[in-house]
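**Student:** Take the sequence shown: its position 168, counted from the start at 1, is 167 in numbering that gives the first Met the number 0, and no numbers get skipped.
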Amino acid sequence: MEPLVLTVDMAGLPQAWVALEDAIIYHAKQLVAWSLGDVVREFRGGWQRNGTRSRIATKSILAIKGTIPGGHFHTPGLTNALLFARDRQLCAYCGLRFQLRDLSRDHVIPVSRGGRDVWTNSVTACRRCNTKKANRSPEIASMPLLYVPYVPNRHEHFILRNRRILARRRAANEPSLRRRGALLTR
Ligand SMILES: [Zn+2]
Numbered sequence: 000m001e002p003l004v005l006t007v008d009m010a011g012l013p014q015a016w017v018a019l020e021d022a023i024i025y026h027a028k029q030l031v032a033w034s035l036g037d038v039v040r041e042f043r044g045g046w047q048r049n050g051t052r053s054r055i056a057t058k059s060i061l062a063i064k065g066t067i068p069g070g071h072f073h074t075p076g077l078t079n080a081l082l083f084a085r086d087r088q089l090c091a092y093c094g095l096r097f098q099l100r101d102l103s104r105d106h107v108i109p110v111s112r113g114g115r116d117v118w119t120n121s122v123t124a125c126r127r128c129n130t131k132k133a134n135r136s137p138e139i140a141s142m143p144l145l146y147v148p149y150v151p152n153r154h155e156h157f158i159l160r161n162r163r164i165l166a167r168r169r170a171a172n173e174p175s176l177r178r179r180g181a182l183l184t185r
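Structure below.
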């Protein structure tokens, strides 16, 4: 499995997980201010006039020039994939763990009763509990929440995203990615 590289802004705050090929592009464009961590991959660059070949060593953390400290972060968008990752695929009502296909987004206060489609009003629910709760608040349905929904913070968001990227890569054969990787390392 290809390792991912963490890009940070000039203040060292995390910005994004990027694939190795993107890390190489940052190096090639000389946008890397400093790097930290272990060398995850060494790439060969072009031939120099003196007959040697340049080398680019990518470390696991890269600070990208010109990024405004903290300027790139917004509240992460609410998607089912991130929601289910936040809640570790546990139903907020029965507490059992389910496969992704058996999960749904439940609005604690139903949208039809004025609830909003936001992180703090959304929990993971199995289809059975979601159907049982129907168009009611947890109090009225007598189905107390087992955990309190929250907005994932910056660090958590990156952890969730990485977990999701890794899961997706594991699940799917991605010939296009491999092909791109092969082109870059050749
Ligand atoms: Zn349930």
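Ideal placement from N, C-alpha and C gives every residue a C-beta, glycine not left out.
Please tell me whether, using a cut-off of 7 Å, the distance from the CB of residue 127 to the nearest non-hydrogen atom of ligand 1 is below it.
**Tutor:** yes
**Student:** Does ligand 1 have a heavy atom nearer than 7 Å to the CB of residue 124?
**Tutor:** yes
**Student:** What is the DSSP secondary structure of residue 13, reduced to helix, strand or coil?
**Tutor:** In the structure shown, residue 13 falls within a strand segment according to DSSP collapsed to helix, strand and coil.
**Student:** Let me check understanding here. Comparing Cα to Cα, which of 23, 97, 43, 60 lies closest to residue 15?
**Tutor:** 60
**Student:** Hey, out of 141, 46, 149, whose CA is closest to residue 201's CA?
**Tutor:** As shown, the chain starts at 0 and ends at 185. That puts residue 201 outside it, with no answer to give.
**Student:** The beta strand (DSSP E) spanning residue 116 covers which residue range?
**Tutor:** No beta strand (DSSP E) holds residue 116; DSSP gives it neither H nor E.
**Student:** On the three-state DSSP scale, how would you describe residue 60?
**Tutor:** strand
**Student:** At the 8 Å Cβ level, is residue 139 part of the contact set with chain C, yes or no?
**Tutor:** You won't find chain C in this structure, because it holds only one protein chain.
**Student:** If you reduce the DSSP assignment to three classes, tell me which class residue 105 lands in.
**Tutor:** strand
**Student:** Nearest CA to the CA of residue 63: which residue from 3, 122, 136, 26?
**Tutor:** 26
**Student:** Spatial neighbours of residue 42 within its chain, please: C-beta separation below 6 Å, excluding the five flanking residues on both sides.
**Tutor:** For residue 42, same chain residues with a beta-carbon under 6 Å away, outside a window of 5 residues either side, are 23, 55 in chain order.
**Student:** Just mark residue 34 as buried or exposed, buried being the case when its beta carbon has 16 or more other beta carbons within 10 Å.
**Tutor:** buried
**Student:** Straight-line CA distance for residue 140 to residue 132?
**Tutor:** 6 Å
**Student:** Less than 6 Å between C-beta atoms, sequence neighbours within five positions excluded: which residues of the same chain meet that for residue 2?
**Tutor:** 39
**Student:** Which of the three DSSP states, helix, strand or coil, is assigned to residue 20?
**Tutor:** helix
**Student:** Once you ignore the five residues that flank residue 82 on each side, which residues in its own chain have a CB closer than 7 Å to its CB?
**Tutor:** 104, 121, 123
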